[in-house]
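**Student:** Okay, here's the structure, questions in a sec.
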Amino acid sequence: MFITPSPVFDASVSGGADNLGNLPEWDLNDLYQGTDDPKINQDLVWLESECAAFAADYEGKLAELNADDMLTCIQRNEKISTVAGRIMSFAGLRYYQLTTDGERTKFL
0 MFITPSPVFD ASVSGGADNL GNLPEWDLND LYQGTDDPKI NQDLVWLESE
50 CAAFAADYEG KLAELNADDM LTCIQRNEKI STVAGRIMSF AGLRYYQLTT
100 DGERTKFL
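This is how it looks when you write it as structure tokens:
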């Protein structure tokens with residue numbers, strides 16, 4: 000016999016306090032203009048390529064780098080982190096605006 004863990008919540012039922020007033024809304028346009036923004040795909044393509052190149056250039060080689068090459072490595076890593084962070088922030092914040100929206104969940 001299967002026992003449903005509790006508590007069980009119905010996503011279609013609103014709950015909690017209804018008197019929260021006007022809640023702020025995030026303006027995500029600083030990240031991307033929307034899910035159809037071509038910059039998202041450009042960033043994903045760049046990220047895939049740059050991560051592969053970064054691994055090929057530096058995996059197992061960090062101890063051998065001179066100061067200039069280490070600086071370049073760090074700068075490339077920072078750029079990868081910035082672009083990946085922008086994509087993840089946009090997807091996550093957009094999802095958290097309305098967690099019951101399946102389209103937002105798929106975008107994650």
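Each residue of the sequence shown is one higher than the one before, starting from 0 at the first, in numbering that gives the first Met the number 0. Glycine included, each C-beta is placed from N, C-alpha and C at the ideal position. Fair warning: this is a prediction, and the values are worked out from it, not measured in the lab.
Go ahead and label Y31 buried or exposed: buried means 16 or more other beta carbons lie within 10 angstroms of its beta carbon, across all protein chains shown.
**Tutor:** Its Cβ being crowded by 16 or more others within 10 Å, Y31 is buried.
**Student:** Note down the Cα distance separating D42 from L107, rounded to an integer number of angstroms.
**Tutor:** If you take the alpha carbons of D42 and L107, they lie about 15 Å apart.
**Student:** Should L27 and R93 be called a contact, given that it needs their Cβ atoms to be closer than 8 Å?
**Tutor:** yes
**Student:** Checking 8 Å against the spacing of the C-beta atoms, do I39 and I79 come in under that value?
**Tutor:** In this structure, I39 sits away from I79, with a CB-CB distance that is not shorter than 8 Å.
**Student:** Please state the DSSP three-state secondary structure of P37.
**Tutor:** helix
**Student:** I need the DSSP call for N65, collapsed to helix, strand or coil.
**Tutor:** coil
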